[in-house]
Amino acid sequence: GAGVSQSPSNKVTEKGKDVELRCDPISGHTALYWYRQSLGQGLEFLIYFQGNSAPDKSGLPSDRFSAERTGGSVSTLTIQRTQQEDSAVYLCASSPIAGDGYTFGSGTRLTVV
Amino acid sequence: QKEVEQDPGPLSVPEGAIVSLNCTYSNSAFQYFMWYRQYSRKGPELLMYTYSSGNKEDGRFTAQVDKSSKYISLFIRDSQPSDSATYLCAMRGNDYKLSFGAGTTVTVRA
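Structure, rendered in structure tokens:
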């Protein structure tokens, strides 16, 4: 597609449930990033994928968070046993080279009730 | 203290005014500086990209970087209602992770 596609756009879940967020990057972009944007906060780095290299998971806030990227394309961010503090907008971005030319998706707005 | 500080505003200006936005940072390793614009319920989109100190102009937008003061600015001339958005500064060193400010919400009144 022309841009980064994220689904769902909105997700309301009950505390304790697991959620999966999907990101479809721009075709040909080898770098893929997940960021989290909480109300009144800047974007917070979560995880980075580059080609077939091991991902940089240093930003994941707890072991309840995990992500994978299949076939160098689509990525899924999974949050297990969701907590209210997980409520935020989860943004995915891709770029043709590491660090430059980020294109962001519109995000998934997650609300944990 | 946050690595990147940005006044969240909100900022309200009349149409045609100059909008002035700024960020300060603490990490001297930052070399690449960006400004993003984010409309409601959309992802950030890149507005300006500068490397090291200096000025860069693109149409109505001017970005300034002063590395000695660890201070960056964005100026919007002849502001339009369509410029109403949240503006985020971002920066990085020689890696791929961006560090963002909290964003400043700007409203341009017609």
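Residue numbers (the numbering used here), protein chains in the order written: chain A, 958 to 1070; chain B, 2 to 111. Idealized CB from N, CA, C, for every residue including glycine. Nothing here was measured: the structure is a model prediction, and the numbers come from that model.
Taking C-beta atoms as the reference points, Ser1044/A and Leu1067/A count as a pair closer than 8 Å.
Residue pairing by DSSP puts Lys968/A in a beta bridge opposite Leu1067/A. Within the region 33-67 of chain B, the residues whose Cβ lies closer than 9 Å to some Cβ of chain A are Tyr33, Met35, Tyr37, Gln39, Arg42, Lys43, Gly44, Pro45, Glu46, Leu47, Tyr50, listed in chain order.
Asp59/B and Asn1009/A have their C-alpha atoms roughly 37 Å apart. Residue pairing by DSSP places Lys57/B opposite Ala64/B in a beta bridge.
Put simply, the backbone Cα of Ser41/B is about 12 Å away from that of Thr108/B. Per DSSP, the unbroken beta strand (DSSP E) holding Ala86/B starts and ends at 86-93. Looking at the DSSP output, Gln81/B sits in no beta bridge, so it has no partner there. For Gln39/B, the enclosing beta strand (DSSP E) covers residues 33-39.
Legend: CB atoms of the region 996-1016 of chain A lying less than 7 Å from CB atoms of chain B belong to residues Gly997, Gln998, Gly999, Leu1000, Phe1002, Tyr1005. Secondary structure note for Val1046/A: its beta strand (DSSP E) is the uninterrupted segment 1045-1052. CA-to-CA, the gap between Asn23/B and Ser995/A works out to about 21 Å. Residues are counted here when their Cβ sits less than 8 Å from a Cβ of chain B; for the region 1025-1051 of chain A these are Leu1048, Ala1050, given in chain order.
By the 16-neighbour rule on beta-carbons within 10 angstroms, Val1069/A is buried. For a Cβ distance threshold of 9 Å, residue set Gly999 of chain A lies close to Val5/B, ordered along the chain. In terms of beta-carbon proximity, Arg93/B lines the interface with chain A, with at least one pair separated by less than 8 Å. Contact of Phe1061/A with chain B is assigned, a C-beta pair being separated by under 8 Å. Against chain A, the beta carbon of Pro9/B has neighbours under 8 Å at Gly997, listed in chain order. A residue is called buried when at least 16 other Cβ atoms come within 10 angstroms of its Cβ; Gly1064/A meets this threshold and is buried.
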